[in-house]
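Asks: Chains as they are written, first to last, in the working numbering: chain C, 1 to 294; chain Z, 295 to 662.
Using N, Cα and C, we set each Cβ at its ideal position, and we do this for glycine too.
Remember, it's a predicted structure, so these values are computed and weren't measured experimentally.
First, the structure itself, so that you have it in front of you.
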Amino acid sequence: MMTDSASEARWHARLVLWLLLAPALLWLGALIVLPHVDLAILSFRERVGPRQYVASLAQYKTFFTEPLYWHVFVRTAALSVVATLLTLLIAFPIAWIIAKLARGRAGSLLFVVCLIPFWVSETVRTLGWMILLRESGVLPALLVKLGITAVPVELLYRDSTLLVGLVYSSLLFMVVPLVSSLESLDNTLIEAAYDLGASGFSILRTIVIPHAAPGITAGCIIVFMLTLGNYLTPNMLGGKNSQWFTEQIYTQFITRFNWEQGAAFGFLLLVLSTGLVMLGLRLSGQRFGEVMRT
Amino acid sequence: MSTPDLVADAVVKRFADHLAVDTLSFSVDRGSFFSILGPSGCGKTTLLRMIAGFIAPDSGDIAIGGNSMRGVAPNRRPVNMVFQQLALFPMMSVGENVAFGLARRGVGRAERVRRSEQMLERVGLGGASGKRVDELSGGQRQRVAIARSLVLEPTLLLLDEPLGALDLKLREHMKIELKQLQAAFGTTFVYITHDQSEALVLSDHVGVMSHGRFEQLGTPQDLYYRPQTPFVAGFVGANNRILGRATDSQGAVVAVTTPQGWLVRAQRRGTISEGDAVEAFVRPEAASLGRSAAELPAGQPSHSGEVQSVLFDGANSAVLLKESVTHSEFRIALPQTGQFSDLKPQEKVVFSFDPQRAVCFPARRAGA
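Have a look at this one:
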């Protein structure tokens, strides 16, 4: 009798656990795993005639034989890395001010200031940048007025503009993990290092950065993934010059109606982001589980 | 005579409308153990942080090893600090913690390792340099924190209540260890604490601090046996406080009468005239206890009371009496002979004390 009721209780506990997990599993399975399985199947077939398909590696072969594709691929990866590092450089002082210097209300206020742009849709924000930067826009006109340039210059469709846009749109995702990891840094450690003769720079190098490393890595992973997969910002600020890999995927799916090729590109992007994140973790000596806990 | 290692000259620090350190001047001799003892909020932490350089005094000057420290940043002072929470670097091993300051001074790696291992050896942690900080016990961390500072051979080692976070047993042990370390290294220690027993046990000199000023500066014996202010008498060691008016202030011994009419006699401290409000202090161990007046030392005025509770604490056992006239508490240390081990609450007893061993001060103004 005792064992019966005990096993029944255990069965109940397990049922409750699965019921609680169900929404997450459903979401993961139906919306992430299934489409990806379907995409994987798509990417490994070739259309040989109307409604006729054979299994092949042709889509992946196209990627490596057509220089444009892997050029765009490498360029997207490189610019994403640059954008991530720039975001880190800009976000770190902001996070430091919020976590360590601003007290009470001032800290939360600064945080809100970082958050406010995200209340506006990304499209509208990017259009705002376009209004500022296009040839007939505010900034070129100002440059002419100040006598810096003779005629209005087109500031859009440049790599630097693209980087500005990417950094701007991902700043918050770097600031949040940085603030939380810097907040947990005990101020007396900084004082102790200072007392033991460390300069500001060596405190940063030996105390602050090692402490904040999981936060830095988490922020970098998030920003890198967001940047790599960003479609809107490169498309609007970079135009045709942006040559972002997501645009290639979009073109294959929507313009060229070549779903097989698009699926293969999608998988390549997934492999790229995973590979670079692993590399980053290896280089910084961080472990994924630890990083995700911050 | 050599120059003192630390000289504070009329140091003042004010926070908004609160005077944290009030024109403080003192000096600490080379190689001595100096404690600043005071309740929390007395300004002792502010004073220590000014010596370390984290806060600048509003006026006055601090000189360390004969050099004025005005405008000298904490990382350039010949001073190191052991923090209350120790502040060991969790991202580094024990050895790296100890070598941290040497690395900042540009000492080469091999020399750094050699000196930090040697220092760990001296504090009894030989072979621990590869360990992580969180693998150490509380007492070991304490020693690492001290080793990390002492390896830099500072003129002055500041200690900010470093025993506060330890449990009682370890605290007692570390107290002795600290004193031995100081004697072995010969470095000048400036120690702040609110624990009078730490200050008394460890120090050569103690400054008792209250409201940003030193109430008294002297040897532990001075503070205990010859307190100069009622604050010191009440703060350092256990003491029975008796409030009343001076009814006879001729000579060196003053008669104090409480509002209820209890009369005690105590040595005069400061100017007291007849009718003045005064406070008298009697140490628990200065009073003798008896079941009848015949047991008390001859020639001392006898008082009576009722046992309220017996506070057994080994060698520090005491009995809490309710004095018959005032019904106020009076604490008497129990002799080690076991003579009163059968004392029961509500028992009537008598006690007396030598007026020469009790002190009487003019009463402090209210709020002071």
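Given that a residue counts as buried once 16 or more other Cβ atoms are within 10 Å of its Cβ, and exposed if not, what is residue 595 of chain Z?
Replies: Residue 595 of chain Z is exposed by the Cβ-count criterion.
Asks: Distance cutoff 8 Å, beta carbons only. Does residue 189 of chain C sit that close to anything in chain Z?
Replies: Yes, residue 189 of chain C lies at the interface with chain Z (some Cβ there is under 8 Å from its Cβ).
Asks: List the residues of chain Z that residue 199 of chain C touches, going by C-beta distances under 7 Å, in chain order.
Replies: 369, listed in chain order.
Asks: Between the stretch 329-351 of chain Z and chain C, which residues of the former have CB atoms less than 7 Å from a CB of the latter, in chain order?
Replies: Here the close residues are 346, 348.
Asks: Closer than 8 Å by C-beta to residue 526 of chain Z: which residues in its own chain qualify, once you throw out the five before and the five after it? Chain order, please.
Replies: Answer for residue 526 of chain Z: 502, 509, 510, 517, listed in chain order.
Asks: Hey, would you say residue 615 of chain Z sits closer than 8 Å to residue 602 of chain Z, going by beta carbons?
Replies: Yes. Within cutoff.
Asks: So, at 6 Å on beta carbons, what are the nonlocal neighbours of residue 169 of chain C in its own chain, with the 5 sequence-adjacent residues on each side left out?
Replies: Only 233 meet the Cβ criterion.
Asks: Return helix, strand or coil for residue 337 of chain Z, following the three-state DSSP convention.
Replies: Of the three classes helix, strand and coil, the one that applies to residue 337 of chain Z here is coil, per DSSP.
Asks: From residue 296 of chain C to residue 29 of chain C, what distance separates their C-alpha atoms?
Replies: No statement about residue 296 of chain C is possible, as the shown extent of chain C runs from 1 to 294 and does not include it.
Asks: Using 8 Å as the threshold, is the stretch 352-360 of chain Z in touch with the stretch 300-307 of chain Z, meaning 3 or more CB pairs across them?
Replies: Touching, yes, given that three or more Cβ pairs across the two stretches are closer than 8 Å.
Asks: For the 8 Å Cβ check, are there 3 or more pairs between the stretch 37-54 of chain C and the stretch 134-152 of chain C?
Replies: No contact exists between the stretch 37-54 of chain C and the stretch 134-152 of chain C.
Asks: Give a yes or no on whether 8 Å exceeds the smallest Cβ distance from residue 361 of chain Z to chain C.
Replies: So, not an interface residue.
Asks: So, are the CB atoms of residue 575 of chain Z and residue 534 of chain Z less than 8 Å apart?
Replies: The answer is yes: Cβ separation under 8 Å.
Asks: Mind listing, in chain order, the continuous beta strand (DSSP E) runs of no fewer than 3 residues lying wholly within the stretch 552-616 of chain Z?
Replies: The stretch 552-616 of chain Z contains these whole beta strand (DSSP E) runs: 557-562, 571-576, 581-584, 596-605.
Asks: With DSSP as the reference, label residue 378 of chain Z as helix, strand or coil.
Replies: Reduced to three states, the DSSP call for residue 378 of chain Z is coil.
Asks: Rounded to a whole number of angstroms, what is the C-alpha to C-alpha distance between residue 364 of chain Z and residue 470 of chain Z?
Replies: In a straight line, the C-alpha of residue 364 of chain Z is about 35 Å away from that of residue 470 of chain Z.
Asks: Looking at the strands, I want to know which residues DSSP matches up with residue 537 of chain Z.
Replies: Partner(s): Z:573.
Asks: Only counting the same chain, and skipping five residues up and downstream in sequence, which positions put a Cβ closer than 8 Å to that of residue 314 of chain C?
Replies: Look at the range of chain C in this structure, 1 to 294, and you will see that residue 314 of chain C is not part of it.
Asks: For residue 377 of chain Z, which residues in the same chain have their Cβ closer than 8 Å to its Cβ, ignoring the five residues on either side in sequence?
Replies: So the qualifying residues of the chain are 439, 454, 456.
Asks: Less than 7 Å between C-beta atoms, sequence neighbours within five positions excluded: which residues of the same chain meet that for residue 661 of chain Z?
Replies: Only weak support exists for where residue 661 of chain Z lies, its pLDDT of 44 falling under 50; the value from the coordinates is given anyway. Correct list: empty, nothing qualifies.
Asks: Just the chain Z side, please: which residues come within less than 9 Å of residue 212 of chain C by C-beta, in chain order?
Replies: Here the premise fails: no neighbours, minimum Cβ distance about 10 Å.
Asks: Jot down the residue ranges of each uninterrupted alpha helix (DSSP H) in the stretch 63-121 of chain C, minimum 4 residues, whole runs only, in chain order.
Replies: Entirely contained in the stretch 63-121 of chain C, the alpha helix (DSSP H) runs reaching 4 residues are, in chain order, 67-96, 105-115.
Asks: Might you give, ordered along the chain, the residues of its own chain that have their beta carbon closer than 8 Å to the beta carbon of residue 670 of chain Z, omitting 5 neighbours on each side?
Replies: Residue 670 of chain Z falls outside the range modelled here, since chain Z spans only 295 to 662, and no answer is possible.
Asks: Scan the stretch 109-191 of chain C and note each continuous beta strand (DSSP E) run of 3 residues or more that stays entirely inside, going in chain order.
Replies: Whole beta strand (DSSP E) segments, 3+ residues: zero.
Asks: Can you check DSSP and say which residues form a bridge with residue 510 of chain Z?
Replies: DSSP lists Z:502 as partners of residue 510 of chain Z.
Asks: Between Z:546, Z:532, Z:551, which lies nearest to residue 539 of chain Z when the distance is taken from Cα to Cα?
Replies: The shortest Cα separation from residue 539 of chain Z among Z:546, Z:532, Z:551 belongs to Z:551.
Asks: Does the Cβ-Cβ distance between residue 451 of chain Z and residue 483 of chain Z come in under 8 Å?
Replies: For residue 451 of chain Z and residue 483 of chain Z, yes; Cβs fall inside 8 Å.
Asks: Hey, quick one: how far does the alpha helix (DSSP H) through residue 392 of chain Z stretch, first residue to last?
Replies: Residues 388-398.
Asks: Unbroken alpha helix (DSSP H) runs of length 4 or more, entirely within the stretch 1-45 of chain C: which are they?
Replies: Those alpha helix (DSSP H) runs which fall completely within the stretch 1-45 of chain C and span 4+ residues are 2-26, 34-43.
Asks: Return the residues of the stretch 383-395 of chain Z that lie within a Cβ-Cβ distance of less than 7 Å from chain C, sorted by chain order.
Replies: For the stretch 383-395 of chain Z, which is checked against every Cβ of chain C, the residues closer than 7 Å are 383, 385, 394, 395.
Asks: Look at the Cβ atom of residue 223 of chain C, then the Cβ atom of residue 173 of chain C, and state whether they are nearer than 8 Å.
Replies: Cβ distance < 8 Å, so residue 223 of chain C and residue 173 of chain C count as in contact.
Asks: Could you compute how far the alpha carbon of residue 305 of chain Z sits from the alpha carbon of residue 326 of chain Z?
Replies: Their Cα atoms are separated by approximately 21 Å.
Asks: Do the stretch 333-353 of chain Z and the stretch 312-323 of chain Z touch if we need at least three Cβ pairs shorter than 8 Å?
Replies: Enough Cβ pairs lie closer than 8 Å, so yes.
Asks: Can you tell me whether residue 662 of chain Z is helix, strand or coil according to DSSP?
Replies: Residue placement at residue 662 of chain Z is flagged as unreliable, the pLDDT there being 41, under the threshold of 50; the coordinate-derived value follows with that caveat. In the structure shown, residue 662 of chain Z sits in coil (DSSP, three-state: anything other than H, G, I, E or B).
Asks: Along the stretch 443-469 of chain Z, what residues have a CB closer than 9 Å to any CB found in chain C?
Replies: Those residues of the stretch 443-469 of chain Z that come within reach of chain C (Cβ to Cβ, closer than 9 Å) are 443, 446, 452.
Asks: Taking Cβ positions only, does residue 148 of chain C come closer than 8 Å to chain Z?
Replies: False, the Cβ-Cβ gap to chain Z never drops below 8 Å.
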